[in-house]
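Numbering (our numbering), first residue to last: 2 to 120.
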């Protein structure tokens, strides 16, 4: 698969008074990616990322409350989210991930954008 050497992931935090301005841009040579939108109503979905090697970034986004549940070495780690949730784990941690599940407990439909990038 072709590698896109010009890809970058940028995080910018701006604000007034109590917010410290922060900006970080990381260049990533993206070889493979998973980009999908998942619509859930009172349900969950397991994300299949088994075809990706050398994962660098996980990014989830929705306009409401949702949960990202990561099972790693048989331990469940839950992140209750609203808006954007991004993490850039080490390759050692990624190797321990058994499953990633996205949950929406609400009876209102919610579309969750899933983005996973690998080098």
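Cβ coordinates follow ideal geometry from the N, Cα and C atoms, glycine included.
Checklist line | Rounded separation between residue 114 and residue 97 - CA only | finding: Looking up residue 114 in the chain shown gives position 113. Looking up residue 97 in the chain shown gives position 96. If you take the alpha carbons of residue 114 and residue 97, they lie about 23 Å apart.
Notebook entry, point to check: How is residue 72 classed by DSSP in three states: helix, strand or coil?
Noted result: In the chain shown, counting from the first residue as 1, residue 72 sits at position 71. Three-state result, residue 72: strand.
Notebook entry, point to check: Do residue 116 and residue 53 have their C-beta atoms closer together than 8 Å?
Noted result: What you label residue 116 is simply residue 115 of the chain shown in a count that begins at 1. What you label residue 53 is simply residue 52 of the chain shown in a count that begins at 1. Against a cut-off of 8 Å, the Cβ pair of residue 53 and residue 116 comes out as no contact.
Next item on the list: Please state whether DSSP places residue 80 in a helix, a strand or coil.
Entry: Taking the first residue of the chain shown as 1, we reach residue 80 at position 79. Here residue 80 sits in strand by DSSP.
Checklist line | Cut-off 6 Å between Cβ atoms - residues of its own chain near residue 35, not counting five sequence neighbours on either side | finding: By 1-based counting over the chain shown, the position of residue 35 is 34. Excluding positions up to five away in sequence, the list reads 50, 117.
Item checked: Helix, strand or coil at residue 26 [DSSP, three-state] -> Position 25 of the chain shown, counting from 1, holds the residue named residue 26. It is a strand residue.
Item checked: Three-state secondary structure assigned by DSSP to residue 96 -> As a position in the chain shown, residue 96 is number 95, starting the count at 1. DSSP places residue 96 in helix when its eight states are reduced to three.
Check: Do residue 120 and residue 38 have their C-beta atoms closer together than 8 Å?
Finding: As a first step, residue 120 must be located in the chain shown, where it is residue number 119. As a first step, residue 38 must be located in the chain shown, where it is residue number 37. No, they are not a contact pair.
Checklist line | Cβ neighbour criterion (16 or more within 10 Å) applied to residue 83 | finding: Looking up residue 83 in the chain shown gives position 82. That one is exposed.
Check: Do the segment 14-34 and the segment 69-76 touch if we need at least three Cβ pairs shorter than 8 Å?
Finding: no
Notebook entry, point to check: What is the DSSP secondary structure of residue 18, counted as helix, strand or coil?
Noted result: Residue mapping note: residue 18 aligns to position 17 of the chain shown, counting from 1. Residue 18 falls in the coil class under three-state DSSP.
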